[in-house]
Structure formats: structure tokens, C-alpha cells
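What follows is a set of notes on a single structure, which appears directly below.
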Amino acid sequence: MATTSSIAFSITLAEDTPVVAPLEAIPAVSKSPVPARRLTPISGMKGSLSTETINDRLKEAAERKQNHLLKVAASAGHGFKHAQKIASARAAESESKRHEINEKLDAAARHRDEIEQERLRKLAEHSELVKQRRSGPPSPTLSRVQTKLEAAEARRAEICEENAERLQAHLSHVRELKEKKAAAREMGGLVM
Numbered sequence: 290m291a292t293t294s295s296i297a298f299s300i301t302l303a304e305d306t307p308v309v310a311p312l313e314a315i316p317a318v319s320k321s322p323v324p325a326r327r328l329t330p331i332s333g334m335k336g337s338l339s340t341e342t343i344n345d346r347l348k349e350a351a352e353r354k355q356n357h358l359l360k361v362a363a364s365a366g367h368g369f370k371h372a373q374k375i376a377s378a379r380a381a382e383s384e385s386k387r388h389e390i391n392e393k394l395d396a397a398a399r400h401r402d403e404i405e406q407e408r409l410r411k412l413a414e415h416s417e418l419v420k421q422r423r424s425g426p427p428s429p430t431l432s433r434v435q436t437k438l439e440a441a442e443a444r445r446a447e448i449c450e451e452n453a454e455r456l457q458a459h460l461s462h463v464r465e466l467k468e469k470k471a472a473a474r475e476m477g478g479l480v481m
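Residue numbers 290 to 481, in our numbering, belong to the letters of the sequence shown in order.
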């Protein structure tokens, strides 16, 4: 058995009976946020709700929803401004608003393109400067660094020479002491 139900009544048909229902028998489908209890027949009423009643209740529910959203947004501070923007954007679907929005989007796209072109221009200038530096004479900074490196190398060599001289002096002193010790042993006396 096939069962078809609507707001007002239900029909039970045999399996081979074609389903032909009047337009009023087809349940209304809406995406509006309307509670189901508001669409069901009030107890004690005969028949179904009229299309006008359903539409009125849908409109009331949509208004309640809009008022509720505005109250919630008002209590949320920033959310209120955001909700107003959304509500005004939804309400302002006129050609002038769309044209204004398109102009802003075009201006933003032009600005983005200008920024990109400026970035590319600066990149080209930088790469040109790099090429010039690589192909031109060495920079004064490089010569200063080389001078400092050469000075450091000269100082290092000088320190090495001083250390070698000290080592030679130390070794000669040690040699003298050993000779004195050896001479003192031969004579059987103390080393002074």
C-alpha cells in the first residue's frame, strides 16, 4: 500500500491506482524557518489551512527571524554592524549597488595589478644592480675587507716570528742551564 500525506489529510491508495491529487493536496515546501507547529491545523478546525494563511504565517515567521537576528546582532556589538551590513547587502541588490561593488572590485584589482607591477619593476632594478656589481670594479667595501685581511695576516706572521724568537731564547736558556748543570756535576758542586 502506498501512503501519501499532506498537512490536511492522508490518502491511502491501492498499488495499481494512479495518484492524482488536487494542487491543494500537495504539501507546501518552504525553506523559510517556520516552526512545524505553526503549519499544522489548529485543533478544532476542520480541513486544512489555506494558502493565504500559510503564506501569512511564513511571512510572520520570516519577520520574527529577521527581528531576532537584529536583536542578537545588537547585543553582540560588532555582530550588529556585521548583521546590518549583511542585511543591507541583501536588501540592496539593485543595479546601482552591484555597479558600485563592481567598481570597487575593479579598483581593488587595478591596485593589486599596480602593486604587482611595482614589485616586478623593483625586482628588475635589483637584478640589474646585481649584474652591474658583478661585472663592475670591486666595491670599496671589498677592498677595505681585503686590506683588513692582509693586515691581520701580517700581524699573525709578526706574532709567529715573535713566538719563534721567544722559543729560541727559551731553548738557548735551557741549553745554558743544562750546560751549567753538567759543568757543576763534573766539578761536584751545586748549580747556581
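Ideal placement from N, C-alpha and C gives every residue a C-beta, glycine not left out.
Within the model, the alpha-carbon separation for Arg353 versus Glu341 is close to 18 Å. For secondary structure counted as the beta strand (DSSP E) over 3 or more consecutive residues, the segment 390-426 holds no complete run.
For Ser432, the enclosing alpha helix (DSSP H) has its first and last residue at Pro429 to Met476.
Here Ser377 carries a helix assignment [DSSP, helix/strand/coil]. Across the structure, Ser416 and Asn391 are spaced so that their CA atoms are roughly 37 Å apart. Closest option to Ala376, judged by alpha-carbon separation, among Glu389, His388 and Leu359: Leu359.
Exclusion of the five residues before and after Gln373 leaves no residue of its chain whose Cβ lies closer than 6 Å to its Cβ.
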